[in-house]
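Engineer: In order, the protein sequence lines correspond to chains S and A.
Per my numbering, residue 1 is the first one in the first sequence, and the count goes up by one each step.
Per my numbering, residue 1 is the first one in the second sequence, and the count goes up by one each step.
Sending over a structure as structure tokens; questions will come in a sec.
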Amino acid sequence: MEFLFTPKERLILSVLADTMLPMGGRIPYGADELGVSRNVETFCRNLPPEAQKGIRILLRILNYAPIFSHFKTFIKLDEQKRKRFLEKWENSKLMAKRNILTAVKSLIVLIYFNNPDVAKIIGYSPRCLKE
Amino acid sequence: MIYTEKDLPKNLEDSADVCVIGSGAGGAVFAKEIASAGRTVVLLEEGGYYTSKDFTRNPVEMFAKLYRDMGMTTTFGLPGRPPVLVPMGRCLGGTTVINSGTCFRTPESVLLKWTNEFNIEKCMPDDMAPIFERVEKIINVTSVTDDIMGKNGAKFREGAKKLNYSGGPIKRNMKDCKGCGTCVWGCPHDSKQAMHVTYIPLASEKGAKIYTRCRAEKLIVKGGRAAGVSGSILEAGTDRVIGSFKINAKVVAVACGAILTPVFLLNNGVGNSSGEVGKNLRLHPGIRVLALYDEEINGWLGVPQSYYVDHFFNEGIMLEGVFVPPEVGAMGMPFIGLEHKELLADYKHIGAFGAMASDTSSGRVFSRGIGKAFMIYNMSDSDAKKLGRAVAITSRIFFSAGAKKVFPSVYGFLTLNSEKDCEAIERATIRPHQLECMAFHPMGTCRMGTNPKKSVVNSFGESHDVKNLFVVDASIFPSSLGVNPQESIMAFSTRSAFYVLDNSERYFS
Chain S
1 MEFLFTPKER LILSVLADTM LPMGGRIPYG ADELGVSRNV ETFCRNLPPE
51 AQKGIRILLR ILNYAPIFSH FKTFIKLDEQ KRKRFLEKWE NSKLMAKRNI
101 LTAVKSLIVL IYFNNPDVAK IIGYSPRCLK E
Chain A
1 MIYTEKDLPK NLEDSADVCV IGSGAGGAVF AKEIASAGRT VVLLEEGGYY
51 TSKDFTRNPV EMFAKLYRDM GMTTTFGLPG RPPVLVPMGR CLGGTTVINS
101 GTCFRTPESV LLKWTNEFNI EKCMPDDMAP IFERVEKIIN VTSVTDDIMG
151 KNGAKFREGA KKLNYSGGPI KRNMKDCKGC GTCVWGCPHD SKQAMHVTYI
201 PLASEKGAKI YTRCRAEKLI VKGGRAAGVS GSILEAGTDR VIGSFKINAK
251 VVAVACGAIL TPVFLLNNGV GNSSGEVGKN LRLHPGIRVL ALYDEEINGW
301 LGVPQSYYVD HFFNEGIMLE GVFVPPEVGA MGMPFIGLEH KELLADYKHI
351 GAFGAMASDT SSGRVFSRGI GKAFMIYNMS DSDAKKLGRA VAITSRIFFS
401 AGAKKVFPSV YGFLTLNSEK DCEAIERATI RPHQLECMAF HPMGTCRMGT
451 NPKKSVVNSF GESHDVKNLF VVDASIFPSS LGVNPQESIM AFSTRSAFYV
501 LDNSERYFS
């Protein structure tokens, strides 16, 4: 199957996913161990080409933006700094930063919480009130 | 008879009295009413033909099958004006397959406005009442009952009643609904009476031919009249062009929805002497508020959109239930890392409700080519103020219902811990950039009117510029409805069909 993301973009996505959804807590799985970034790429294959291009640009923006404050790319930051960087963007007074973060986060959480093992821990299973 | 791309020859040519483009709330109704009168009809649908056996209730799979662009169609605005996600259906039955099934008649105040301000003929409440009754009978409009409401709706009702806010159980197009909560991924039991289980089979029974995976591209015009449609046959899964079609017709009805109908007209360079095609886009921008309860809510059980609060309708605010599975809910939930996961781990305790604004903001649809739109929508400060107030009201109802925390999805107000915090939102001047919005009711982009300089179609949906060309979807609404539009779309499409049939000699001789 043809790859959508470059190896670098795939790495950025994987680090983003693992920062947003690390191991631990009542849902113990981390994004990486559930193959979230691979499945995000599969999902994105069904998006129109302009949207795919957009996602790739957003990944690069999130990776290079920390250079201005930390003199390092996102993937080179330690875990704590990565989390704080994303939290800053999620709560930024600049709408564009919030939107960029939300766009990438949405793809990652959609795939993560679609995983049946995660759904089981949450207690979600699609059924009807009158079965 | 319903045909898929596998049933069609590489170069399909056919003729009919009427060719309808689009099989959603407008197109399916128009096709059925015309076919029922004995006229020959071809109905074209770009998307695929899916039935309840295809609806897996898995959002990731259903986005790919049933939604245009995986549900990610978005408007863009000027700096400081938020993008708005506008999910649309792309399948036989259109957006009715993926909507919440909510049915409201066009409010009387709106019908009066259209009559008095836009001079629309024969759309007073008394004119429209029998048409609404006809539609409601066919799609079985009934109120949600307690046994399928679900706890999310029931708790909100409890909170609203304590505050004496008027509202009620939502009316929906449904038969024997089991409260599965997956309406927007296709009803797995055919309980939701969407077009593919109502008007489309009825049209087919009356001889209409329904061609799926057929993308209309060119309007054929002869002597100033619509004379047919041509386009491409698409391969399922890839959208690769595998054939072509040409339908000769005496009347063409365009029902691609308020985003793609103007794209079709703009691409064909027709119907736009007024310059209004694509303009006046209204969306009903909506916000979603989440609440955390101590008790289990299990919001995915029951009808997601089961209750409404119309106490503030005159302010342009309508509150309606909303609930989605956790993977989709997570997309709008705050926090990064373990905090986010812990919030989702409590999804059984989450309640959700939405509010939409009857917008005065206006947008515009531009064409980016065949079947592709670029949408601009600049939310006004007054609509943002409405939505800010809607968030405060919704949050107040949640606390009244016993919620312990509310997540309003407004920048600057991450978490609300009490009713006092709701007052803070109400006092604040909420600006557009603070809001995260979605919208499900695009309309207005080919508006009807009696002045050809200020409208695209006449009172009955016929183009001012091209005879025998009709628009029969939400594009024609001259202003926001303030309520969910599917019943209005069906009613006005019925009205247009009757108009054509009442003037058969003009259109079919």
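Where a beta carbon is used, it is the ideal one built from N, C-alpha and C, also for glycine.
Answer with yes or no whether the minimum CB distance from Asn-46(S) to chain A is below 8 Å.
Structural biologist: As a working note, residue 46(S) is residue 46 in the first sequence. So yes, Asn-46(S) belongs to the interface.
Engineer: By Cβ distance, which residues of its chain are closer than 8 Å to Leu-47(S), with the 5 residues on each side in sequence left out?
Structural biologist: For the purposes of this step, residue 47(S) is taken as residue 47 along the first sequence, with counting starting at 1. Contacts found: Ile-55.
Engineer: With distances taken from CA atoms, which of Thr-51(A), His-433(A), Leu-219(A) and Ser-455(A) is nearest Ile-2(A)?
Structural biologist: Taking the first residue of the second sequence as position 1, residue 2(A) is located at position 2. Taking only the C-alpha atoms, the option nearest Ile-2(A) is Thr-51(A).
Engineer: Quick one: is Gln-80(S) buried, meaning 16 or more other Cβ sit within 10 Å of its Cβ, or exposed?
Structural biologist: Along the first sequence, one-based indexing puts residue 80(S) at 80. Gln-80(S) is exposed by the Cβ-count criterion.
Engineer: Where do the ends of the beta strand (DSSP E) carrying Arg-39(A) lie?
Structural biologist: What you label residue 39(A) is simply residue 39 of the second sequence in a count that begins at 1. Looking at the DSSP string, Arg-39(A) is not in any beta strand (DSSP E), and its letter there is neither H nor E.
Engineer: In chain order, what residues of the same chain have a beta carbon less than 7 Å from the beta carbon of Ala-392(A), not counting five sequence neighbours either side?
Structural biologist: Taking the second sequence and counting its residues from 1, one reaches residue 392(A) at position 392. Answer for Ala-392(A): Cys-422, Ile-425 and Glu-426, listed in chain order.
Engineer: Ordered along the chain, which non-local residues of its own chain (more than five positions away) have a Cβ less than 6 Å from that of His-311(A)?
Structural biologist: For the purposes of this step, residue 311(A) is taken as the residue at position 311 of the second sequence. Result list for His-311(A): Tyr-165 and Ser-166, in chain order.
Engineer: Which residue from Thr-56(A), Phe-156(A) and Asp-126(A) puts its Cα closest to that of Gly-186(A)?
Structural biologist: The residue you call residue 186(A) lines up with position 186 of the second sequence. When each option's Cα is compared against that of Gly-186(A), the closest is Thr-56(A).
Engineer: Within the same chain, show all residues whose beta-carbon is closer than 6 Å to that of Ser-230(A), passing over the 5 residues directly before and after it, in chain order.
Structural biologist: Residue numbering aside, residue 230(A) sits at position 230 when the second sequence is read from its first letter. Lys-218 and Lys-246, listed in sequence order.
Engineer: Which bits of chain S does Cys-180(A) rub up against, with CB to CB less than 9 Å?
Structural biologist: As a first step, residue 180(A) is located in the second sequence; it is residue number 180 there, counting from the start. Correct list: Pro-126, Arg-127, Cys-128, Leu-129, Lys-130 and Glu-131.
Engineer: Does the Cβ of Phe-74(S) have 16 or more other Cβ atoms within 10 Å, making it buried, or fewer, making it exposed?
Structural biologist: Here residue 74(S) refers to the residue found at position 74 when the first sequence is read from its first residue. When all chains shown are included, Phe-74(S) counts as buried.
Engineer: So, is the C-beta of Gly-35(S) closer than 8 Å to a C-beta in chain A?
Structural biologist: Taking the first residue of the first sequence as position 1, residue 35(S) is located at position 35. Output row for Gly-35(S): interface = no.
Engineer: Whose Cβ in chain A lies nearer than 7 Å to the Cβ of Leu-86(S)?
Structural biologist: Position 86 of the first sequence, counted from the first residue, corresponds to residue 86(S). Correct list: Ile-336.
Engineer: Please work out which residues of its chain come closer than 8 Å, Cβ to Cβ, to Lys-372(A), disregarding the five sequence neighbours upstream and downstream, and give them in chain order.
Structural biologist: Indexing the second sequence from 1 puts residue 372(A) at position 372. Result list for Lys-372(A): Val-263, in chain order.
Engineer: Where does Glu-131(S) fall in DSSP's three states?
Structural biologist: Position 131 of the first sequence, counted from the first residue, corresponds to residue 131(S). Coil, per DSSP.
Engineer: At the level of alpha carbons, what is the spacing between Val-41(A) and Leu-92(A)?
Structural biologist: Residue mapping note: residue 41(A) aligns to position 41 of the second sequence, counting from 1. Residue mapping note: residue 92(A) aligns to position 92 of the second sequence, counting from 1. Going from the Cα of Val-41(A) to the Cα of Leu-92(A) covers about 16 Å.
Engineer: Please list the segments of the alpha helix (DSSP H) lying wholly inside the segment 246-271 of chain A, counting only runs of 4 or more residues, in order along the chain.
Structural biologist: Whole alpha helix (DSSP H) segments, 4+ residues: 257-268.
Engineer: Just how far apart, CA to CA, sit Ile-233(A) and Gly-94(A)?
Structural biologist: Working through the second sequence from its first residue, we reach residue 233(A) at position 233. Working through the second sequence from its first residue, we reach residue 94(A) at position 94. C-alpha separation (whole angstroms): 18 Å.
Engineer: By the 9 Å beta-carbon criterion, what residues does the segment 299-328 of chain A contribute toward chain S?
Structural biologist: Within the segment 299-328 of chain A, the residues whose Cβ lies closer than 9 Å to some Cβ of chain S are Trp-300, Leu-301, Gly-302, Val-303, Pro-325, Pro-326, Glu-327 and Val-328, listed in chain order.
Engineer: Are there three or more Cβ pairs, one per stretch, closer than 8 Å when the segment 348-363 of chain A is compared with the segment 397-412 of chain A?
Structural biologist: As far as the Cβ criterion goes, the segment 348-363 of chain A touches the segment 397-412 of chain A, which means the pair count is three or higher.
Engineer: Please state the DSSP three-state secondary structure of Phe-30(A).
Structural biologist: Numbered from its first residue, the second sequence carries residue 30(A) at position 30. DSSP places Phe-30(A) in helix when its eight states are reduced to three.
Engineer: In the DSSP assignment, the alpha helix (DSSP H) including Leu-34(S) goes from what residue to what residue?
Structural biologist: As a working mapping, residue 34(S) is identified with position 34 in the first sequence. Neither: Leu-34(S) is in no alpha helix (DSSP H) and is coded neither H nor E.
Engineer: Would you mind working out which of Leu-281(A), Asn-280(A), Ala-31(A) and Arg-68(A) sits nearest Gly-48(A), comparing C-alpha positions?
Structural biologist: For the purposes of this step, residue 48(A) is taken as residue 48 along the second sequence, with counting starting at 1. Measuring from the Cα of Gly-48(A), the nearest candidate turns out to be Arg-68(A).
Engineer: Listed in chain order, which residues of the segment 61-79 of chain A have Cβ atoms closer than 7 Å to some Cβ of chain S?
Structural biologist: Here the close residues are Ala-64, Asp-69, Met-70 and Met-72.
Engineer: CA-CA distance, Gly-26(A) and Met-438(A)?
Structural biologist: In the second sequence, counting from the first residue as 1, residue 26(A) sits at position 26. In the second sequence, counting from the first residue as 1, residue 438(A) sits at position 438. Their backbone Cα atoms lie some 22 Å apart in a straight line.
Engineer: Could one say the Cβ of Ile-430(A) lies closer than 8 Å to chain S's Cβ atoms, at least one of them?
Structural biologist: By 1-based counting over the second sequence, the position of residue 430(A) is 430. No, no contact with chain S.
Engineer: Whose C-beta lies closer than 8 Å to the C-beta of Gly-243(A) among residues of the same chain, with five residues either side of it excluded?
Structural biologist: Locating residue 243(A) in the second sequence gives position 243, counting from the first residue. Only Glu-5, Leu-8, Pro-9, Lys-10, Asn-11, Leu-12, Ser-232 and Ile-233 meet the Cβ criterion.
Engineer: For Lys-53(A), count the other beta carbons within 10 Å of its own beta carbon; 16 or more makes it buried, fewer makes it exposed. Which is it?
Structural biologist: Locating residue 53(A) in the second sequence gives position 53, where the first residue counts as 1. Label assigned to Lys-53(A): exposed.
Engineer: Using 8 Å for Cβ pairs, my map puts Gly-224(A) next to Lys-454(A). What's the rounded Cβ distance?
Structural biologist: Taking the second sequence and counting its residues from 1, the one referred to as residue 224(A) is at position 224. Taking the second sequence and counting its residues from 1, the one referred to as residue 454(A) is at position 454. Not quite, the Cβ-Cβ distance comes to about 21 Å (not below 8 Å), so this is no contact.
Engineer: Do you know offhand how far Gly-153(A)'s Cα is from Pro-304(A)'s?
Structural biologist: Residue numbering aside, residue 153(A) sits at position 153 when the second sequence is read from its first letter. Residue numbering aside, residue 304(A) sits at position 304 when the second sequence is read from its first letter. Distance between the alpha carbons of Gly-153(A) and Pro-304(A) is about 8 Å.
Engineer: Can you tell me which of Met-448(A), Val-457(A) and Leu-290(A) puts its alpha carbon nearest to the alpha carbon of Lys-113(A)?
Structural biologist: Along the second sequence, one-based indexing puts residue 113(A) at 113. When only C-alpha atoms are compared, the closest one is Met-448(A).
Engineer: Which residues in the same chain have their Cβ closer than 6 Å to the Cβ of Glu-462(A), if we skip the five residues on either side of it in sequence?
Structural biologist: Translated into positions along the second sequence, residue 462(A) becomes position 462. Contacts found: Phe-470.
Engineer: Would you list, in chain order, the members of the segment 338-355 of chain A that have their beta-carbon closer than 8 Å to a beta-carbon of chain S?
Structural biologist: So the close ones are Leu-338, His-340, Lys-341, Glu-342, Leu-344, Ala-345, Tyr-347 and Lys-348.
Engineer: In chain order, which beta strand (DSSP E) runs of at least 3 residues are fully inside the segment 166-240 of chain A?
Structural biologist: Correct list: 167-169, 171-173, 209-212, 214-222 and 225-234.
Engineer: Residue range of the alpha helix (DSSP H) that Leu-12(A) falls in?
Structural biologist: For the purposes of this step, residue 12(A) is taken as residue 12 along the second sequence, with counting starting at 1. Run containing Leu-12(A): none in the alpha helix (DSSP H); it sits in the beta strand (DSSP E), 11-21.
Engineer: Does Ser-244(A) come out as helix, strand or coil in the three-state DSSP assignment?
Structural biologist: As a first step, residue 244(A) must be located in the second sequence, where it is residue number 244. Ser-244(A): strand per DSSP, three-state reduction.
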